[in-house]
Structure formats: C-alpha cells, structure tokens
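Residue numbers (the numbering used here), protein chains in the order written: chain A, 134 to 289; chain B, 448 to 557. Think of the CB as a built atom: it goes at the ideal place given N, C-alpha and C, for glycine as much as any other residue. Quick caveat: nothing in here was measured; it's all calculated off a predicted structure.
Written as structure tokens, this is what we have:
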C-alpha cells in the first residue's frame, strides 16, 4: 500500500501511471500477448509434416495400384488424426495459444477432406496441389511457433 | 462453360478484401495477394479437372476447402507475427523506463 501511495503521488503523468498499474497488476516485468515457444509442438508438427509428405509421395508413386487405395491406407489417417489430437491437447494446455489452436483445427479439417477425396479416388495430378496446400499449412504453423522464441535464433 | 480468368479473379478478390482491412490494407496486401493467388490458381485447376471429367463437383469443393484452410492458416500466422511485434514494442517501451521507474519508486516494479 505504501508503494501504491508513492506510485500515485502527483508529478507522475497519468498515462504512465496507468501503464505501470497495468503492469503491476499483471505481476510481471514483461508483457506476453501470445504463448511461449513449445519445443514439443515444434517437433510433433515437423514429424507430422514428414509423415504426410511420405504418405503423399507414396500415393503419387502408386496411384492406380491397389496399394494406393483408401482402404489400404487407413492406418495413415488414423495415426495422423491421433498425432494431431495429441498436438492439439498440448497446445490447448498452453495459455494464449488460440491462434495455434485455430491453425491445428484447420489442419485437422484438411486431413478429413483429404481422406474424403481419397475415398472417392485421387488422380496423380490432383496430389500436387494438395501437397502444396498441406506444406503451406505446416510451414505457417511452424513459422509462428518458431517466432514465439522471441528473438532467439530459430535454430536453437 | 466460360473460361475463368485468373487475373480477373485475383483483381476482384483483392478489391473485396481491401474494404474490411481498411487502414491495415497496405501492410496486409502482399500476404493477401499471395494467398488469393493460390486460391485463384486452385480454382483454375479445379475448372480444368471438371472440364476433363476428372473431378466431380463434390471433389472440387473438397479441393478448394483444403486450399482455403491453407490460406487461412498462413493469414493466422501473419496475425500472430503482428501480435508478437506489438508485444515487442510494448516491452521495449517498458524496458527503456525500467531503471528510472524502479529508482524513483524505490522497489522493483518493472
């Protein structure tokens, strides 16, 4: 209380006082508007990207053959959905992580749509734009996650 | 079926998007243009596949949804990077007054 009285003494500009009060109430020296970097999310998203890329490459190679059919590849979809769910649960446990959660939900929706397309039969030329869209999503998610390191080298 | 013109699509998309963005449009234009171009290219690809009978309307919707999801994901990253920039600016502002304020108050507030 003694501190509050001296904090509010005449002479300090009102705007500065308000800003300092907000910081004092927040109880921290620096403000965090978005979640911190999470190494596990970074690694898991990178692994899922690799899994998707391997899957799409195999699909592209074997298109038209029985091994490229949806029924022979349900394991990939099951595993990818479980992986994504685990990443989402971890991301949800970190405060101020709403943007990453939205991105993971969009990725889950794209995965569902890829499976629907696969069930109906995919042609070789249709895989390239899908791969490009998935990689754009993965890159964007990782770019934001790495930026959450805040000034540290992205390689760390 | 009329042929879709990718440049015309892009022009219409950019004009429509500029209104809700208002003052933020100059900063967002480059990112938006890049993502809208991908969506427009996707539409042209879908058009060609439909014309060749290689895709059904339902498959066309699914393809476009995947592209739209990717573009939304990219724009969400741009939003996140913007928030991080604001955060860095606030913390830099607090950082430069830290010593003055803490000394004046006689305890560590910042």
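Query: How is the alpha helix (DSSP H) around residue 514 of chain B delimited, first residue to last?; Result: 504 to 552
Query: Let's test the definition: count the other Cβ atoms within 10 Å of the Cβ of residue 274 of chain A and tell me whether it reaches 16, buried, or not, exposed.; Result: buried
Query: Starting from the Cα of residue 499 of chain B, find the closest Cα among A:258, A:268, A:280 and A:284 and give me that residue.; Result: A:258
Query: Kindly list the residues whose CB is nearer than 6 Å to the CB of residue 514 of chain B, restricted to its own chain and excluding five residues on each side of it in sequence; keep chain order.; Result: 486 and 489
Query: Can you check which of these residues, A:266, A:216 and A:231, is closest to residue 176 of chain A by C-alpha distance?; Result: A:216
Query: State the CB to CB distance for the pair residue 530 of chain B and residue 166 of chain A, rounded to an integer number of angstroms; the pair is presumed to be in contact (CB under 8 Å).; Result: 5 Å
Query: Check whether chain A comes within 8 Å of residue 560 of chain B, counting only Cβ atoms and requiring the distance to be less than that.; Result: Outside the displayed range of chain B (448 to 557) lies residue 560 of chain B, so it cannot be described from this structure.
Query: In the DSSP assignment, find the alpha helix (DSSP H) that holds residue 182 of chain A and state where it starts and stops.; Result: 172 to 195
Query: Compute the Euclidean distance between the alpha carbons of residue 138 of chain A and residue 535 of chain B, then round it to the nearest angstrom.; Result: Because residue 138 of chain A carries a pLDDT of 41, less than 50, the predicted location of this residue cannot be relied on, and no value is offered for it.
Query: Spatial neighbours of residue 290 of chain A within its chain, please: CB distance less than 6 Å, with the 5 preceding and 5 following residues excluded, ordered by chain position.; Result: A query on residue 290 of chain A cannot be resolved here, the shown segment of chain A reaching from 134 to 289 and no further.
Query: Listing by chain order, which chain B residues have their CB less than 8 Å from the CB of residue 243 of chain A?; Result: 512, 513, 516 and 517
Query: Run through chain B and tell me which residues come within less than 9 Å of residue 163 of chain A, C-beta to C-beta.; Result: 534, 537, 538, 541, 542 and 557
Query: Could you check how far apart the C-beta atoms of residue 542 of chain B and residue 280 of chain A are, in whole angstroms? I think they sit under 8 Å.; Result: 19 Å between Cβ atoms; not a contact.
Query: Can you confirm whether residue 483 of chain B, when its beta carbon is compared against all beta carbons of chain A, has any partner nearer than 8 Å?; Result: no
Query: Using a Cβ-Cβ distance cut-off of 8 Å, determine whether residue 279 of chain A contacts chain B.; Result: no
Query: Would you mind giving the Cβ-Cβ distance between residue 240 of chain A and residue 270 of chain A, rounded to the nearest angstrom? I have them listed as a contact below 8 Å.; Result: 5 Å
Query: If residue 457 of chain B sits next to residue 482 of chain B, beta carbons under 8 Å apart, how far is it from one beta carbon to the other, in whole angstroms?; Result: 11 Å between Cβ atoms; not a contact.
Query: Would the beta-carbon of residue 509 of chain B fall within 8 Å of that of residue 246 of chain A?; Result: yes
Query: Give the residues of chain B in contact with residue 189 of chain A, contact being defined as C-beta atoms less than 9 Å apart.; Result: None at all; the shortest Cβ gap to chain B is about 12 Å.
Query: With 8 Å as the threshold, decide whether the Cβ of residue 199 of chain A is near any Cβ in chain B.; Result: no
Query: Let me make sure I understand the geometry here. Which of A:197, A:173, A:182 and A:250 has the alpha-carbon closest to that of residue 222 of chain A?; Result: A:173
Query: Quick check on residue 554 of chain B: buried or exposed, where buried means 16 or more other Cβ atoms within 10 Å of its Cβ?; Result: exposed
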